[in-house]
Structures are given as C-alpha cells and as structure tokens.
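Residue numbers (the numbering used here): -12 to 547. Inspection log for the structure reproduced underneath, given as structure tokens.
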C-alpha cells in the first residue's frame, strides 16, 4: 500500500527508487506481453500446419479407384508430391508461408515380409504404400519448424469382407520402433501371457473444433517387450450436422474378428437404408458419417450401429428439446466413430463406455495403484464379455449392465481413490474403459476364465477422458473444477493446459471450520459417440452416461 502524508515531500532517494520500480515493472510487462503474443502466434501457426497436414493426408487416402483411370484419382497414382486435389508447394495463410510436401514409398510382400525392392515379375500395383506428409515453415523468431504425419494405405476400397480378408491373410503387421507414452496420460495394459501391451494415446494433439462440429482422433497401439509396435488402430470420432436424403445404398458398421494375434475389423457390408447428407463448413469425414450412420430396415443388430442393438433414431436439438427428423430435408445432429481399415476411414459400431474412473494427479504414478487399475480393466472387460454371452438369451442385459465401479472395487481390496490436498491447484485425471460388441459365434469360442491371452482377443480400449468429460464440484465455496468448452487443441507439450481446461481443481482454504469436510468432485461422460466428442447428445436415448466421483479433503488452514 502507498501512503500519502500531507505536507511532506519526496527525497531524491525515494524518487530514484520509484523510477527503478516503475522501469522494472514496465520492462517486465513489456516482456510478458511479448511472450504472450509470441506463444499465441506460435500456437496458431502450429494449429494451421497441423490442419494442413491432416487435410493432405485425408486427401491422399480418398482415391476412388485402384488402377490409373482417366478422370479418376487412383491408388496407383500416389507418388512423391503427386496424388489428390491439394498440390505440393507453398501455402500462404495469414502472415506465414507453409511448404507442403509428401513422400510415398511403395512396399511389396516378399518372402513373408514387407520390402521396398520391386519384385519380379512386378505386380500391377504395390500391395501397400507408406505415406509421409510434411509441413515446414519459418516461425516468428526466424527458426525453421516442421511437422510430419505418416500412414499406410493398401489397394482395397471394397466394402466386401472377402477382399479385405484376402489381403490380411498374407499380411504381417510391421514391427517398428515405438516409445510408450508416460503415466498418467497413457496406460499400457498387458493383454497376453508374453507381455504384449495395448495402449491408447491421449486425445492430443488431434482435437478439432469446426463450427458446431468436433473431431477427436487418437491411436490404439499394441507393442511387445522390446518396444516394437505390433499393431495400430487409428480412430476418429466426430460430430456432424446432417439432413435426411432419400434411402439408398450405404454401409453397415464394421465387425471384429481375431487374426494374427490382434483384433481385426472387417469393413461393413452394404445395405439399402436411410441416408443423410452433411451441412456445409464441417470436417470432410461428415459426408461418410451422415451417409452411413443411419438406421437400417428390420430388427437385426446388423442393421444398427448402437451397441445395445437399439435404433438411435434422428433428432434436431433446439431450445433444450429434441424434434424428430423424419422427412427428406429435415435437419438432425449425428455423431460417428471411424477406424482406418484398408487405407480408408470406415464406419464402426458406436463407442460403448462400460466404466469411468476418476483419480488424483499422482494415483497412477504409484506402482501398486497402477497394477490394481490394470487388474480392474481386465475384470471390467471380461465382465462385459460375460454379459454379452448372457444377452444371447436375454438381450436387455446389455442395456443396464455396468461393472462394479472402480472406487468400490478398489475399496474391497484395501485401496482408495480419495485424496487429501492442501489449498492449491491440481490436475485430476479421468479414465474410461470401452468395450465393443462381438458376434455370438466369436464370443462362444472364448474361454474367459482359463485363457491367459483372452484380453488380446477382446476389442477394448482404455482412454484418457480428462479433457472430454464434464466436471463439477459438490461445493464450489471450497473446490472449483474447470470444465471449459472443447476447442481445437494445439499445445502438445502442455497437454492439460493448452487451448481449454477440464478437471483442473482449485482447492480453496477452509477458514470457516476447524475440520474440513470431504467434498465430491464428479466427472460425467456420455456412453456413446457424443461422449468422445464432448458435444450435445444426438437424441434422448444418447443421453445415457456414466459418472465417477472422487472424494477430496482439503487440509484445514485456519489461522487462530
């Protein structure tokens, strides 16, 4: 506080000191402002580069035919800086110029392995192509920057499973070096007796917000004890605005089977059913979402995407209510899940959240806790598989089944998720376990009790949902938790503190009582696709969600 005393002046020393304080403060403010502007600009530049690379990768995988055909974009035409609608070269966006290039490596299946040497006789087209898209630019400090995305595509665009199987039967998943991610962001789960692990990368850095639509992309990776990647599944989930069009041919969801030590997905068969078209200014994948993710005709599960074999219907959400979309031209909201199969993003069954977990920032850093949580994942996935077997006779079982909540399961084993914190700021963690529906014939061949490798045969995913869940506190006088709206996420180094924040707990000092109450912090996630995108439920049936509550005690800081 500055106190002004009437009828007294300032001495020379006081004046000089004041000038020093002011000059230092001003210098700090100028420096801080410069850093803020620079950081904001760099983040925006990175986002633009990332979207440019993603757009080109999607462009490269959108070929229409296999062999070179006049007027068509062909798989055979993919080559270095060749292929697709977007050309290589400079793109001036804002004040930055980006250089877009890509490399294509042809690969051939020779004597049980993939090779780049051309065989003799040379086949009509390569059996696989490795794509690497690169975007380079000069940042605002004059330093060269670049990002790269890679993917693999094959000459298969058919929706029939027989063609896909013929390709897979003689394939072997390439074992390439892989560096596992770090706890608590990513959880590696041992899935068989020889130590192969499966982990799903955190939903970063690929989180796009475009208009009302949100696109979330991540990868599920299996790797062995030598940290060599044995299998990769590239997943995309997005929300779209659609309108109904006339019925016609569209895809049913993909189905799973077990092949060469991994769960493989067959492309869905085609069917005549209702279809939709996307509104403008949305991710390009919305065209597939609106077209295919639509109820079929009949009562068979094969005609529906919903995990519980239920029709999800179509609605437009406005003024906090749902209006049915039944006629051609009616608008409705949609949410879809895709996986890259045979080089293309193909429609998948809806996501199915079977368990949600909330823990403190250090919970998974503890080895014992991590092992317990891994055991819980195994329990939950197997329990859901058993429920699917029961559902063969009683389908309604799947509508209500959920495994024992983690906090309750852990308590029975002498553990707890409850945390005690001093006043301050902490990043809480939310984890989700997802399990896919399996066909009866596949389920009935599994030995859920005695097979040490059964987890490897079950389609499940363990995801970090921290930035996708809705967070709340039971008493905001003492604990405030962030739950900001989802935005495009670009800060890959500061995962939880980038473009938006969720699950960030601000514990406030308790000055009103001698003993702090135990508060409840809750995270809630919808069970299906809109839970991944963090957007509005697409129907009343889609509002089904799971919640996990973390008990928090704030240490008493009262000063007598």
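Note that CB positions come from ideal geometry on N, CA and C, so glycine has one too.
Below 8 Å CB to CB, which residues in the same chain sit around residue i once its five sequence neighbours on both sides are set aside?
i	result
residue 157	Legend: pLDDT at residue 157 = 32, less than 50; position of this residue unreliable, value from coordinates given subsequently. Taken in chain order, the residues that qualify are 96.
residue 212	181, 182 and 183
residue 201	194, 195, 225, 226, 473, 520, 521 and 522
residue 72	46 and 60
residue 309	302, 303, 526 and 527
residue 373	435
residue 444	245, 250, 433 and 438
Looking only at its chain, what residues have a beta carbon closer than 7 Å to the beta carbon of residue i, apart from the 5 residues adjacent to it on each side?
i	result
residue 196	473, 474 and 475
residue 54	61, 63, 111 and 112
residue 403	397
residue 259	234, 235 and 236
residue 514	339, 340, 531, 532 and 533
Note down the Cα distance separating residue i from residue j, rounded to an integer number of angstroms.
i	j	result
residue 423	residue 294	7 Å
residue 434	residue 521	36 Å
residue 508	residue 169	25 Å
residue 431	residue 344	29 Å
residue 457	residue 464	19 Å
residue 249	residue 177	13 Å
residue 150	residue 282	Caution is warranted here: a pLDDT of 34 is assigned to residue 150, below 50, making its placement in the model unreliable, and the coordinate value is therefore given only provisionally. In a straight line, the C-alpha of residue 150 is about 26 Å away from that of residue 282.
residue 152	residue 412	In this predicted model, residue 152 has a pLDDT of only 36, less than 50, meaning its place in the structure is not dependable enough to derive any value.
residue 453	residue 75	37 Å
residue 449	residue 272	24 Å
residue 126	residue 88	18 Å
residue 137	residue 298	36 Å
residue 223	residue 527	23 Å
residue 488	residue 455	10 Å
residue 518	residue 109	48 Å
residue 172	residue 124	29 Å
residue 354	residue 459	28 Å
residue 386	residue 516	16 Å
residue 77	residue 52	28 Å
What's the call for residue i, buried or exposed, on a 16-neighbour Cβ count within 10 Å?
i	result
residue 267	exposed
residue 65	buried
residue 59	exposed
residue 104	exposed
residue 409	exposed
residue 174	buried
residue 307	exposed
residue 242	buried
residue 68	exposed
residue 48	buried
residue 130	exposed
residue 358	exposed
Considering only the alpha carbon of each residue, which of the options lies closest to residue i?
i	options	result
residue 400	391, 408, 33 and 406	391
residue 189	167, 200 and 201	167
residue 86	393, 436, 33 and 273	33
residue 119	126, 45 and 52	45
residue 442	270, 511, 245 and 531	245
residue 466	540, 377 and 43	540
residue 420	134, 187, 274 and 353	187
residue 495	468, 489, 514 and 515	468
residue 252	232, 335 and 296	335
residue 35	371, 101 and 134	134
residue 416	372, 374, 296 and 451	451
residue 316	362, 265, 77 and 115	265
residue 321	439, 276 and 359	276
residue 438	204, 269, 274 and 365	365
residue 331	384, 374, 109 and 50	50
residue 208	446, 257 and 90	446
residue 538	128, 427 and 346	346
residue 379	270, 362, 218 and 428	428
residue 291	274, 116, 92 and 255	255
Got a sec? Which residues, its chain only, sit under 6 Å from residue i by beta carbon, not counting five neighbours each side?
i	result
residue 221	206 and 327
residue 356	350
residue 369	435
residue 394	404
residue 102	95
residue 376	430
residue 9	Reliability of the predicted coordinates at residue 9 is poor, the pLDDT of 41 falling under 50, and the value obtained from them is presented with this limitation in mind. Taken in chain order, the list of residues that qualify is empty.
residue 300	526
residue 342	367, 390 and 420
Are the CB atoms of residue j and residue i within a distance shorter than 8 Å?
i	j	result
residue 525	residue 325	no
residue 461	residue 533	no
residue 535	residue 510	yes
residue 263	residue 314	no
residue 238	residue 179	no
residue 121	residue 228	no
residue 296	residue 382	yes
Under 7 Å from any heavy atom of the ligand NAP, does the C-beta of residue i make it?
i	result
residue 376	As for the ligand NAP, it is missing from this structure, which has no ligand bound.
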